[in-house]
Every structure is written in C-alpha cells, then in structure tokens.
Ligand SMILES: [Zn+2]
Ligand SMILES: [Zn+2]
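Numbering (my numbering), first residue to last: 3 to 349.
Laid out in structure tokens, this is it:
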C-alpha cells in the first residue's frame with residue numbers, strides 16, 4: 003500500500019509498504035480522509051518522545067472497515083468509522099475513574115502505532131475495546147468526521163473550563179481550534195464570545211465563519227483594557243488560550259474575572275515554556291488556571307453528534323484538499339497559516 007513514511011525528522015517519503023493485516027481483536031480500515039493537525043507539523047520538525055522512526059503519522063482519521071479479525075464482536079466490514087487516536091488502557095487509576103485522557107498507559111495512533119497518512123490502517127485491540135472506534139453518523143462526510151478529533155479536544159477543554167449558561171468567554175487565537183471553541187462556547191450557553199487574534203486574514207475568516215460577538219486585534223487595541231470594557235470592568239468569566247504564545251497566557255491572567263477560569267489550551271514551544279505573572283493577581287482574584295490537551299473516547303463520540311446535529315460546523319474549516327503524495331505541501335500550507343484545515347486523501 004501507499005503510505006507517507008516519516009523516516010526521521012523532516013524526512014518524509016511517499017512509498018510502498020506492506021499492507022498491514024489485523025491480529026485478533028483488531029480492525030483494518032481503508033482510510034478515506036485524514037486531516038493535518040498542529041501536532042503533525044510539530045512532529046515533522048521535531049519528532050516526539052513517543053515516536054520511533056520510521057512512522058506513518060496522522061491521527062485525525064476516518065475510513066471504512068475492510069477487515070475484522072477474530073475476537074472483534076461489535077463491528078463489521080463496510081461500516082464507516084472515525085477513530086479516536088488516544089487509546090486508554092481501561093485499567094489504570096485514571097481510566098477507572100472516568101478520566102481516560104489522563105490514562106497512565108496512554109498510547110496513540112500516529113505515535114505508538116502507524117496512523118492515517120496511508121491507504122490502510124490497523125486499529126489496535128485496546129482502541130477497539132475501549133470505545134475509540136465510532137460509527138460515522140450517516141449525514142456527515144468522511145472529512146467532517148476526521149474533524150471530530152480536534153473538536154473532541156475542544157470539548158475536553160471546555161468541560162474542564164466549565165463554560166456555562168451566561169458566561170462571557172474570551173478565545174485567544176482564531177485557528178481551526180479557536181473557531182471550534184467559539185462555536186462550542188456558544189453551544190454551551192455563553193452570552194458573549196470575544197475573539198482576540200493578530201492575523202487580519204484569520205480575523206476575516208473567523209468573523210464570517212465562527213462569528214464571535216466582539217473581535218479584538220492586539221496590534222491596534224489594548225486587549226486587556228478592551229476585555230475589561232466589554233465586561234463592566236470585571237474581566238471575562240472564562241478564557242481559552244488557543245495559541246502557542248506565552249505572552250497570550252500572561253495577558254489572559256490579567257483579563258480573567260475573579261473566580262473565573264483560564265485554560266492554557268495551546269502548548270508553548272519546547273524552547274520557551276516559561277511565563278511570568280504576578281502571583282498576587284491569583285491571590286486576590288481567586289481564579290483558576292487549568293491546562294488541557296487531547297481527549298477521551300467519549301469526547302470523540304460527542305463531537306460526532308455535535309457535527310451531525312449541525313450544532314458545530316466544521317466543513318468550512320477545510321480550506322485545502324490534497325492527495326497523499328502532497329502531504330509535505332499540506333504541512334507547509336497549514337504551518338504558514340494560509341490553510342485552516344488540510345485534508346489528505348490516500349488516492
Ligand atoms: Zn489533532
Ligand atoms: Zn488507563
């Protein structure tokens with residue numbers, strides 16, 4: 003089969019590799035769509051502690067089941083599925099308490115196992131057993147289904163941020179995830195959603211697509227001041243920092259309302275992971291700071307339902323569609339900010 007093999011850092015080759023065959027408990031799917039994620043870009047440039055090269059990456063995957071090995075009971079050939087890439091063990095301290103995204107033995111498709119930038123992919127037994135294989139609702143496309151994975155990460159983020167009816171929410175960053183957060187905050191009952199973004203093209207995109215109530219561009223406006231003005235001086239109830247910027251995290255701590263919640267949703271670059279803040283802001287403001295990353299199988303199921311019901315729109319986020327042979331071009335488009343979401347098709 004054809005696959006994009008990351009041989010080592012920044013060395014990606016499209017080549018023929020043996021078609022995998024599923025062992026007992028596993029499923030083989032024919033990939034239909036795999037979208038490029040920010041992590042794919044990071045892995046391409048810097049590798050990852052859980053990746054041993056050579057590796058087929060890609061974890062936002064949908065496809066059709068073409069083979070079901072023995073011991074698999076709940077799936078059959080021909081079913082269209084979206085695969086949640088983070089595979090919990092089901093047995094550890096966190097899994098047993100319903101926090102599968104914190105699983106102590108977490109493995110992931112595209113990291114520990116070959117992923118979706120290929121023609122076929124084996125779904126490991128633990129993924130099959132622990133609810134990672136979700137049937138695609140009949141009214142959504144393979145490419146929309148692939149976007150259930152990033153949406154699942156946003157859902158996990160907003161659960162921990164406790165976004166609720168009546169909240170004023172600030173989203174920092176209008177990338178694909180920022181746009182999902184804006185829609186999701188509204189779906190959870192936020193009465194005002196404020197977007198902070200520097201890039202004029204991303205602002206245009208978000209204004210038309212995700213439609214935040216207020217847009218602040220810190221190139222022209224003092225974002226902290228403006229958020230305070232929009233909230234009668236209180237600050238925002240919830241802030242989601244969906245960009246990899248330490249400055250944005252520091253600013254978020256200055257614009258959150260007392261007893262509010264700030265979520266550091268975007269990770270910082272490896273070489274710049276430190277921020278500075280006035281600890282007394284926290285002492286007197288009694289606000290909470292959480293960080294979130296990834297998702298659990300139930301978030302992926304819910305993401306598919308939200309897309310299927312039309313509550314969250316994802317199709318417009320797809321700006322580029324490329325064949326597997328142009329994966330590297332897709333990574334560059336996503337990296338430059340020119341693309342929102344790029345879908346890779348195996349043929
Ligand atoms: Zn992703
Ligand atoms: Zn576990």
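We treat Cβ as the ideally placed atom computed from N, Cα and C, and that holds for glycine.
Asked, Found
"Close Cβ partners of residue 50 (< 7 Å) along its chain, the five nearest in sequence each way excluded", "113"
"Integer-rounded CB distance, given that residue 185 should sit under 8 Å from residue 315", "7 Å"
"Residue 194 to residue 215 span [Cα, whole Å]", "6 Å"
"Per DSSP, the bridge partner or partners of residue 137", "83"
"Cβ-heavy atom distance, residue 222 to ligand 2, below 8 Å", "no"
"Per DSSP, cross-strand counterpart(s) of residue 13", "10"
"Residue 294 - DSSP class collapsed to helix/strand/coil", "coil"
"Assigned secondary structure, residue 76 (DSSP; H/G/I helix, E/B strand, else coil)", "coil"
"Whether residue 226 touches residue 192 by CB criterion (9 Å)", "no"
"Those residues which DSSP pairs with residue 238 across a bridge", "258"
"Continuous beta strand (DSSP E) stretch holding residue 216: start and end", "216 to 218"
"Any non-hydrogen atom of ligand 2 closer than 8 Å to residue 113 Cβ", "no"
"Residues sharing a beta bridge with residue 67, DSSP", "31"
"Cβ of residue 102 within 9 Å of any chain B Cβ", "Among the chains in the structure shown there is no chain B, since it carries only a single protein chain."
"Own chain, CB closer than 7 Å to residue 237, minus 5 neighbours either side, in chain order", "229, 230, 257, 258, 259, 262"
"Residue of 309, 218, 326, 266 minimising C-alpha distance to residue 60", "326"
"Cutoff 7 Å; reference residue 253; Cβ partners in own chain excluding five residues on either side", "225, 226"
"DSSP-derived helix/strand/coil call for residue 156", "helix"
"Residue 94 CB to nearest heavy atom of ligand 2 below 8 Å", "yes"
"Residue nearest to residue 183 in terms of C-alpha spacing, selected from 156, 9, 91, 170", "156"
"CA-to-CA distance, residue 40 to residue 159, given in whole angstroms", "16 Å"
"When 341, 330, 217, 336 are compared against residue 11, the one with the closest alpha-carbon", "330"
"beta-carbon residue 62 near ligand 1 non-hydrogen atom, thresh 8 Å", "yes"
"heavy atom of ligand 1 below 8 Å from residue 39 C-beta", "yes"
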